[in-house]
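Numbering (this note's numbering), first residue to last: 1164 to 1381.
What follows is the structure in structure tokens.
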């Protein structure tokens, strides 16, 4: 069985990202693979932290591919167009024995929810413990560019019933389960397009030692 590893930064993203990758990998039609529970590593924008986690996965000895995911919210110059290839260059120097891809959500993982709101609003949220909570009203819509500004988490909180706030550790997984990939593709959300290209790269390069996405800038 092919085994994929994924590295994330946040607490809430562990279960959510595993669900997202499992579903999206299948939706794209890539060869069957099992995505292991995500590994958490803070500071993935730093070269030393990124190299550390690459070698942690190498040491496991059973990896067929690796995906590294982080939010691009470190600062105003934390742009995926430049930081993705930069990080991929550090990974490439590690000469890992499996293909690896680096992706950045700009500026937050929660940006994925905004183009998919029509599939989310008006529905209750259910977690693995069987707790059901009311979600967004049916008329909630996001007015701007999902990647334009910080503060998506705060915006989500303002759309919830009084007394509720968006909490990544509780809410990322239920909302991820409701994502509509067709809506995301139609929206042209850049970070979702990058994620799809990254997964296609991994699926098409299984067994290719040292293969890394994205390519270096010209």
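Ideal placement from N, C-alpha and C gives every residue a C-beta, glycine not left out.
Annotation for residue 1214: 1253, 1257 place their beta carbon closer than 7 Å to its own, counting only its chain and skipping 5 residues before and after.
For residue 1268, the uninterrupted beta strand (DSSP E) run begins and ends at 1263-1268, by DSSP. With contacts defined as CB atoms closer than 8 Å, residue 1263 and residue 1229 qualify as a contacting pair. Residue 1367 and residue 1303 have their alpha carbons spaced roughly 39 Å apart. Boundaries of the alpha helix (DSSP H) around residue 1356: 1353-1367.
Distances from the alpha-carbon of residue 1199 to those of 1180, 1298, 1206 put 1180 closest.
In this structure, residue 1172 and residue 1203 form a Cβ contact; the two beta carbons are roughly 7 Å apart against a cut-off of 8 Å.
Around the CB of residue 1195, fewer than 16 other CB atoms lie within 10 Å, so the residue is classed as exposed. Restricted to the segment 1287-1355, the alpha helix (DSSP H) segments that are unbroken, complete and at least 4 residues in length are 1315-1321, 1331-1340, 1344-1350, listed in chain order. Residue 1315 is a Cβ neighbour of residue 1271, given a cutoff of 8 Å.
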